[in-house]
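The numbering used here numbers the first residue of the sequence shown as 2 and each following residue consecutively. Here's the structure, in structure tokens; my notes come after.
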Amino acid sequence: MKVIDTKSDAESPQGAPFFVDRCRFTPTQGIEISSLQLDDDKVQNWPMVYILANDNPRQKSAYVGETTSVSERMSQHSKNSEKDLFTSVNIIFNQEFNQSVIKDYENRLIGLMAADGVYKLTNKNEGHSNLNYFSKEKYESMFDDLWEELRRMELADKTISEIEESEVFKYSPYKSLSVDQRVALNKIYSAIESDLSKAKPIVVQGMPGTGKTILAIYLLKALRDDEKFKDLNIKIVEPMTSLRATLKKSLKGVGGLNARDVIGPNDLANPKFGYNPEVEKPFDILLIDESHRLTARRGITAFGSYDEVNKKLGLPKESTQLDWALKLTKLPIFFYDASQSIKPADIDPNSFEEKLGDALRHPIRLENQMRVQGGAEYLNYISDILNDKHPARRTFDNYEFVLHDSIDDFTDSFEQKLSEHNLTRMLAGYAWDWKTKGKPVASPLKDIVIGDKSFRWNSMLANWVGNGVANPIYAQEVGCVHTAQGYDLSYSYVIIGPDLKLDPITGRLIGDKDHYFDKKGKGGATAEQLTQYIKNIYYVLLTRGIYGTHVYVVDDALREYLKCYCYIMK
């Protein structure tokens, strides 16, 4: 039995030590109470947390639970065939546990262990919520000590801070939902529980950071865990290559889910992922994340494969990916934000309204800001600045919005933040050509040159943000919007290039076509449309940072203008 001292002081709770008692778990028999060092009365009647485990390398899995009677709970588990794979149980006892604490600890252990990756968790998604209770801060401090002991026992590997900075944790289906996410979940469930064959499209609308992607993942896991819906053909459709790779990686360690649950739009016509030409609507539910990035047949790179899908589905040549989703699924659920449409290929809002009608005019709204600590006020502030609404200057509690006067200060600050938070990244608009595309990472060639500083564009699209944690070389690159959209960053360091300037006559922000290098991003766009796409790109980039956004502006006039709105770092 392991005894873990805690760092809590003499306030309530008193910081009593934890006891971690480990014993064999046998299917049909459960545990032998006599093999435990804990007193019998505690085993039979005390609030505790436990971890069932199987350490066989071929099926290394775990289940986290809480109970007020370990003996009774283990007896129940021994009769449950789903628990037959487990061979041991780790029982966590503390003299100061109560039911609120063990529920909170259970939730935290599930979230951390699922992202840690030592075990594949088999827990079902039963609706976690943030609990408030007496002396919660003290118990949270005590939890840190418990986690370190679990690491020493090899039940966990990474530190809490390492896990919480990881993408896998950020996209875990075991997240606690906000109030408006739960309201949205209930509305969607009501539609699913009705006749799916008569279901109408649903639109979930929210600003960046309101938890659209998390809700989609949570919903997928909840439906797979629900006996009524587990056999439905459900997929998350992720239009963006980079985020799709990240979500696939995140779902690998989640019981009941796998990487094949996340597909791209073209995969909708692939039998490997559930398409069946003999069935009118082969998909029961499609959760279409970042649906504002679905494309039309314009400004794309692969017309051949695009046309092949339309042909296979019996649709006109000019049909869009939105048409594909509507044709192939009984209930399409679109997670949507028109302000994040960034190129001509993206289906325009008018087309969405034409096809979705009341679903788009009366969406389920997510309002609570879950990413940016500056809250919705910060996002509105950025939108107002970019869209020439001239908001009053303001600051935000617990959030850094900083303008750097020199590129040297910008990069020095970036290096400091990166050393403290490994999900800090540099991002930029498409104001430089991608000369290093396809070049080896070790190539001395650079894309972005500002003064005596030079940088390389992201050398990959798929999971560039996450790969920068494992390989510091990628963390030194500058990401484009396609590598950043949909992601949470600790700090976002944004270079506003010469593609966005201040019109000296009108005082308005305008796009500069001559300094915009995304060929597919400007084909066929009017000057006004291009300006809006560029503004939308910077809106996306400036709303990635959880704790702060740091900015360097290339254009002198625009830099002076933005000093009216930012804290200035000289």
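Just so it is clear, CB atoms sit at the ideal spot from N, CA and C, and this is done for glycine as well. Source: prediction; values computed, not measured.
Close CB contacts of Met114 within its chain, under the 7 Å cut and outside five residues either way in sequence, are with Ala63, Val65, Tyr120, Leu122 and Ala157 (chain order). Collapsing the DSSP output to three states places Gln45 in a helix.
Cβ neighbours of Asp519 within its own chain (closer than 6 Å, five residues either side excluded): Tyr431.
Under the three-state reduction of DSSP output, His293 falls in the helix class. The alpha-carbon of Gly31 is positioned some 40 Å away from that of Lys273. Secondary structure at Glu194: helix, using DSSP grouped into helix, strand and coil. When DSSP states are grouped into helix, strand and coil, Trp325 belongs to the helix group.
Residue pairing by DSSP places Asp347 opposite Thr296 in a beta bridge. Boundaries of the beta strand (DSSP E) harbouring Arg426: Arg426 to Ala429, taken from the DSSP string. Segment contact: the stretch 317–333 against the stretch 199–217, three or more CB-CB distances shorter than 8 Å; contact assigned.
Rounded to whole angstroms, the separation of the alpha carbons of Gly207 and Leu490 is 18 Å. By the Cβ-count criterion, Pro505 is exposed, with fewer than 16 other Cβ atoms from all chains shown falling within 10 Å of its own Cβ. Per DSSP, reduced to three states, the secondary structure at Glu279 is coil, with no helix or strand assignment. Inter-residue distance for Leu503 and Asp285 is about 49 Å (C-alpha atoms, whole angstroms).
Residue environment analysis places Pro240 among the buried positions, since at least 16 neighbouring C-beta atoms fall within 10 angstroms of its C-beta. If you draw a straight line from the Cα of Asp22 to the Cα of Gln77, it is about 19 Å long. If you compare the alpha carbons of Ala528, Lys125, Lys521 and Pro28 with that of Ser89, the shortest gap goes to Pro28.
The straight-line gap separating the alpha-carbon atoms of Asn267 and Tyr307 is approximately 7 Å. Cβ-Cβ distances below 8 Å link Ser35 to nothing in the same chain once the five nearest sequence neighbours on each side are left out. Counted as a single uninterrupted DSSP element, the alpha helix (DSSP H) harbouring Ala360 occupies residues Asp359 to Arg362. Taking 8 Å as the cut-off, the beta carbon of Tyr534 is found no closer than this to the beta carbon of Gln374. When rounded, the separation of the alpha-carbon atoms in Phe336 and Lys454 is 39 Å. When beta bridges are read from the DSSP output, Gln206 appears opposite Tyr337 and Arg366.
For His551, the pairing in a beta bridge is given by DSSP as Val403 and Tyr494. Here Cys481 is buried: its Cβ has 16 or more other Cβ atoms, across all protein chains shown, within 10 Å.
Between the stretch 395–411 and the stretch 444–458, the count of Cβ pairs shorter than 8 Å is three or higher; the stretches touch. According to the DSSP secondary-structure assignment, Val450 is paired through a beta bridge with Ser455.
In this structure, Ile264 is the residue among Glu228, Leu252, Ile264 and Ala528 with its C-alpha nearest to the C-alpha of Ile237. Put simply, of Asp500, Pro392 and Val552 the residue whose alpha carbon is nearest the alpha carbon of Leu428 is Val552.
Between the stretch 80–96 and the stretch 51–62, the count of Cβ pairs shorter than 8 Å is three or higher; the stretches touch.
Segment contact: the stretch 348–367 against the stretch 166–178, fewer than three CB-CB distances shorter than 8 Å; contact not assigned. When only Cα atoms are considered, Ala528 and Asp513 end up about 8 Å apart.
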